[in-house]
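Working notes for the structure below.
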Amino acid sequence: MVYPQGNLPILPLKNSVLFPAISMPLVINRPTSVAALDAALTSEDKFISVFTQSDATVDKPDAQDLFDIGTLAVIKKMIRVDKFLHVEVLGIARVKPKGAAEEKPYLNDSFHYLPDLSESDDSAEAEAIYRAILGLTEKMLKLIQPEMQTGLNYILSEIDNPIKQIYMLGTLMPISVDNEIELLGAETRLALYRSMHAVLEREVQVLELQHEISSQAESKMDKERREYVLRQQLKAIQEQLGEERPEQADVDEFRQQIAELKLPEAILTEVEKELIRLERMSSVSPDYQLTRTYIEFVLALPWNKTTDDRFDLDRAQKILDEDHFDLKDIKERIIEHLAVMKLNPQAKAPILCLVGPPGVGKTSIGQSIARAIGRNFERMSLGGLHDESELRGHRRTYIGAMPGRILQAIRRAGVCNPVLMLDEIDKLGRDFRGDPAAALLEILDPAQNHDFHDNYLDMSFDLSNTFFIATANTLQDIPAPLLDRMEVLRLAGYSDEDKLQIATRYLFPRRLKEAGLNGEQLMLEEGTLPYLIKHYTREAGVRGLERTLGRLVRKVATRVAKGQKESLRVSPELLTELLGPQLFINEQVRHPLSPGVAAGLAWTESGGDVLYVEAALLPGGKGLMLTGQLGDVMQESAKTAHSYIWSNASALGIDQERIRNAGVHVHVPAGAVPKDGPSAGIAMVAALSSLYAAVPARSDTAMTGEITLGGMVLPVGGIKEKVLAAYRAGIYRVVLPEANRKDLAELPEHVAQRMQFFHVTCIVEALSQIVPGLTGQVQRQTNGGDIL
Amino acid sequence: MKYLKSISVEGVPGAVWSPPADIYKCGKQWLVKVELAGVSKTDIQLQVRGSRLIIRGVRRDRQVLQNQISQSMEIAYNRFERVFEFSRALEGAAIQTEYLDGMLLITIATGGQA
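As you go down the protein sequences, you meet chains E and R in turn. Under our numbering, the first residue of the first sequence is numbered 1, with each subsequent residue one higher. Under our numbering, the first residue of the second sequence is numbered 1, with each subsequent residue one higher.
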């Protein structure tokens with residue numbers, strides 16, 4: 001065959017090698033390649049040379065970027081579609097460039113033509129390798145997929161020329177360009193056979209291995225695959241029936257929601273990611289429900305939904321007054337807060353902490369605040385919460401993961417600026433699972449909570465617009481760092497007068513309404529409510545009172561329902577008939593007191609209480625015995641009182657012999673209730689001195705105050721509650737430390753007017769008011785104004 | 001594998017295409033009609049080897065100008081080859097050729113039964 005001797009255009013290929021006698025379709029669109037083809041197409045013989053790039057990533061190859069062996073080819077067919085040339089080229093002969101390549105307007109060169117290996121090699125080695133190649137090819141035939149087998153079959157059965165067979169194999173098999181070039185460059189038949197054999201052997205090994213792996217995997221995969229296939233079929237059937245896939249319906253619904261929601265950008269991308277995941281999942285997979293729930297939750301969160309605040313202070317005041325009786329200070333503080341929020345809307349929302357005994361209306365004040373400024377109200381109880389994750393949520397990877405309580409409350413509120421009440425913040429538990437109080441630190445810090453991170457949500461949520469209100473019964477149990485972040489508002493217990501007002505204005509009408517009665521069917525006589533308050537309830541709040549009123553109303557409702565027509569006027573006497581005998585007789589007010597007993601005042605979580613300190617002489621006994629579950633501090637104050645009296649016996653007009661010859665027992669009932677604190681000091685001194693002097697203390701006088709061994713009286717806390725307790729108990733004289741005078745300002749006016757206060761700085765002064773029968777210097781000193 | 005559907009291997013080595021042909025028989029005479037449009041008479045070779053009749057040659061694209069740009073090409077150029085196998089040796093048979101309207105007509109009159 002005569003080969004062209006002049007320069008021929010070069011067509012560079014990126015990932016394939018054209019062998020002689022092989023016809024190959026190509027799609028060409030590189031401009032230089034198109035130019036090369038155009039030139040070849042206008043030639044008489046349609047010759048072109050085809051070379052493979054040694055680096056497929058080069059887009060404009062020059063002669064150096066090509067392998068130095070290529071193929072002379074003839075273009076058999078061509079069709080131009082837009083900028084693409086679809087051509088079919090047939091390899092003719094192997095060529096080596098002479099190395100004088102020109103690059104303009106397209107790569108071209110002239111060539112040495114290599115022998116076509118057509119003369120046969122009869123050596124035994126060649127024959128053996130050739131047979132091995134056929135064997136391997138047949139083996140391969142069994143390992144590859146059926147649709148590929150025809151090609152191989154054709155090579156084996158139809159082609160009689162071994163060279164062509166091998167070139168064809170080289171073209172069809174997925175071998176690397178380097179291997180193909182090696183085949184193309186083989187100088188002899190034997191060399192070609194050897195290269196092919198190596199390539200084939202490796203390929204067969206890989207295929208066998210692949211086969212093995214897939215058959216192993218197959219047994220495992222079988223069940224899943226079966227399910228998958230069935231599900232696909234189900235899907236097809238559903239589509240045929242016009243039923244939408246449930247998953248798609250979900251996703252569509254979410255998309256629609258998102259379109260309506262106007263989410264922040266960052267949230268949107270995150271949700272979109274999850275949606276795409278959801279779309280790919282089957283609704284039966286367990287992950288599907290998790291992801292779906294998650295997206296649902298994210299979309300349900302009020303990312304930028306708010307209510308408009310109404311800072312009409314007069315209106316707010318009116319609402320607060322409507323909802324609650326008295327509580328003047330608290331209301332004032334709240335109005336102040338609202339005023340600040342009105343003047344500076346950018347100011348961080350304050351965090352209030354309402355502290356007071358149960359039933360005084362802490363929760364309902366929160367509701368009133370929300371109502372006053374027109375925000376949504378949501379409340380969550382922290383009582384008994386001991387796991388940090390309850391607040392912050394669990395990471396979504398855990399089974400049963402849920403968002404934290406905070407975000408759940410926000411979601412329930414439906415806006416991102418609700419009034420959120422954290423109830424019972426003093427009753428947070430803590431254990432090995434973490435300290436929820438520590439998590440609250442972040443939530444309640446206005447400087448941090450704009451970036452609140454919930455583990456479940458795994459995105460930041462802005463809590464800075466939320467108005468947090470915490471409630472607690474005592475401050476003692478609130479961790480200091482937490483307390484530090486809150487503005488404490490104290491609600492003391494109600495006096496009987498307060499309760500009367502509350503019952504008349506709020507509780508009784510409400511109960512009547514609930515029972516379906518009107519004010520004419522049930523009327524209360526004047527003295528009935530005070531009697532009920534005094535003898536059927538004993539508490540700082542009004543919850544028990546409301547319950548009792550409820551009971552009363554129900555009894556009457558029963559009568560009305562049974563057909564009683566005439567209206568019922570309830571007198572105190574009738575109360576006994578309706579509610580049973582009175583529950584609380586003022587048994588605690590002892591009148592008169594025997595020597596050795598004094599009325600102390602105690603502060604408890606449920607308000608104040610009158611606490612009697614009893615002392616008894618033990619003739620012939622020794623030392624000081626203390627009972628009544630007294631704490632260390634209280635025991636010490638008892639000892640201090642005893643020592644003070646002993647050391648000042650003569651000054652107090654007490655016979656030292658009585659002290660020396662007898663032991664003394666101090667008891668504080670009720671014995672089952674633990675008590676502690678220093679404020680019973682004065683009561684201890686009073687009880688002991690009355691005991692030793694054998695004169696009774698005044699039964700109409702209650703007292704509180706810490707004492708020192710030197711005879712000083714130090715201030716104590718909870719004055720308001722204590723005074724109210726005395727007032728409730730009908731004890732109207734109270735001895736207080738001088739330093740507590742300021743606390744009396746908190747007292748309701750009617751109480752303050754009724755009470756008589758004695759502000760004392762030293763024990764002697766106190767005793768003169770409490771144990772008037774004490775002889776000796778006390779009287780003289782007090783009267784003479786010459787105080788110790 | 002890679003190009004399975006469209007790759008083909010040429011049956012005849014060294015040739016790019018092979019022309020279509022009609023064969024007629026009339027008594028002891030054969031007429032072989034080969035479509036060789038555009039092939040110059042001087043570029044056709046006829047060979048007899050045993051019972052084979054071999055037609056070879058080259059079709060050159062002489063109608064194209066340098067400034068023309070090919071838009072579509074369906075006619076194969078360059079070398080062609082076509083081999084006809086007869087049931088008996090052709091040596092000694094009377095072979096006549098005629099090139100008419102792009103068709104090569106080959107008349108073979110064998111001595112005995114074909």
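C-beta atoms are modelled at their ideal positions from N, C-alpha and C, and glycine is treated no differently.
Asked	Found
What are the uninterrupted segments assigned as alpha helix (DSSP H) that are 4 or more residues long and contained completely in the region 640 to 711 of chain E, given in chain order?	649 to 652, 656 to 660 and 681 to 693
Compute the beta-carbon to beta-carbon distance between glycine 383/E and lysine 427/E, rounded to the nearest angstrom, for a pair I have assumed lies under 8 Å.	4 Å
Less than 8 Å between C-beta atoms, sequence neighbours within five positions excluded: which residues of the same chain meet that for valine 597/E?	Arg590, Tyr612, Val613, Glu614, Ala615, Ala687, Ser690, Pro696 and Ala697
Report buried or exposed for asparagine 78/R, applying the criterion of at least 16 other Cβ atoms within 10 angstroms of its Cβ.	buried
Is the region 42 to 58 of chain E touching the region 33 to 45 of chain R, taking contact as three or more C-beta pairs under 8 Å?	no
The beta strand (DSSP E) that contains glycine 91/E, what's its start and end?	84 to 97
Would you give the residue range spanned by the beta strand (DSSP E) that phenylalanine 758/E belongs to?	756 to 760
Count the other C-beta atoms from every protein chain shown that fall within 10 angstroms of the C-beta of glutamine 63/R, then say buried if there are 16 or more, exposed otherwise.	exposed
List the residues of chain R that leucine 41/E touches, going by C-beta distances under 7 Å, in chain order.	Ser70 and Met73
Mapping the DSSP letters down to three states, classify alanine 540/E as helix, strand or coil.	coil
For alanine 76/R, which residues in chain E fall below 7 Å Cβ to Cβ?	Lys76
Residues of chain E with a CB under 7 Å from the CB of glutamine 66/R: which are they?	Thr42
At what residue ranges does the region 340 to 368 of chain E contain a whole run of the beta strand (DSSP E), taking only runs of 3 or more?	351 to 355
Give a yes or no on whether the minimum CB-CB distance between arginine 56/R and chain E is below 8 Å.	no
Return the residue from the list His394/E, Glu336/E and Gln408/E that minimises the CA-CA distance to isoleucine 373/E.	Glu336/E
Is the shortest distance between the beta-carbon of valine 34/R and the beta-carbons of chain E less than 8 Å?	no
Ends of the beta strand (DSSP E) at leucine 104/R?	103 to 109
When you compare each of Arg49/R, Thr97/R, Asp101/R and Leu36/R to alanine 109/R by their alpha carbons, which one comes out closest?	Thr97/R
If we cut at 8 Å on Cβ distances, does leucine 90/E have a partner in chain R?	yes
Below 8 Å between beta carbons is the criterion; list the residues of the region 43 to 63 of chain E that meet it against any residue of chain R, in chain order.	Ser43, Glu44, Asp45, Lys46 and Phe47
Helix, strand or coil for glutamate 487/E? Go by DSSP, reduced to three states.	strand
With 16 as the cutoff for other CB atoms within 10 Å, does threonine 404/E come out buried or exposed?	Residue identity check: residue 404/E is glycine in the sequence provided, not threonine. Buried is the call here.
Under 8 Å, Cβ to Cβ, is there at least one residue of chain E near arginine 82/R?	no
What does aspartate 61/R touch in chain E if you count any residue whose Cβ is under 9 Å from its own?	Leu41, Thr42, Ser43, Glu44, Asp45 and Lys46
How big is the Cα-Cα spacing for tyrosine 644/E and glycine 711/E?	7 Å
The ligand GDP and serine 43/E: does the residue's C-beta get closer than 7 Å to at least one heavy atom of that ligand?	Looking for the ligand GDP in the displayed structure turns up nothing, as the structure carries no ligands at all.
Around the C-beta of histidine 211/E, are 16 or more other C-beta atoms found within 10 angstroms, so that it is buried, or is it exposed?	exposed
According to DSSP, which residues form a beta bridge with glutamine 53/E?	Leu66/E
Could you pull the DSSP bridge partners for serine 381/E from this structure?	Asp423/E
Using a cut-off of 7 Å between C-beta atoms, extract the partners of valine 16/R located in chain E.	Val74, Lys76 and Leu90
Alpha carbon to alpha carbon, how far is arginine 741/E from isoleucine 763/E? Give it in angstroms, no decimals.	16 Å
Using a Cβ-Cβ distance cut-off of 8 Å, determine whether isoleucine 79/E contacts chain R.	yes
Please report how far the alpha carbon of alanine 492/E lies from the alpha carbon of threonine 291/E, in whole angstroms.	49 Å
Do we get a CB-CB distance below 8 Å when we pair aspartate 458/E with the residues of chain R?	no
Grouping DSSP H, G and I as helix and E and B as strand, with all else coil, what is serine 768/E?	helix
Excluding five sequence neighbours on each side, which residues of the same chain lie with their C-beta closer than 8 Å to the C-beta of asparagine 518/E?	Leu512
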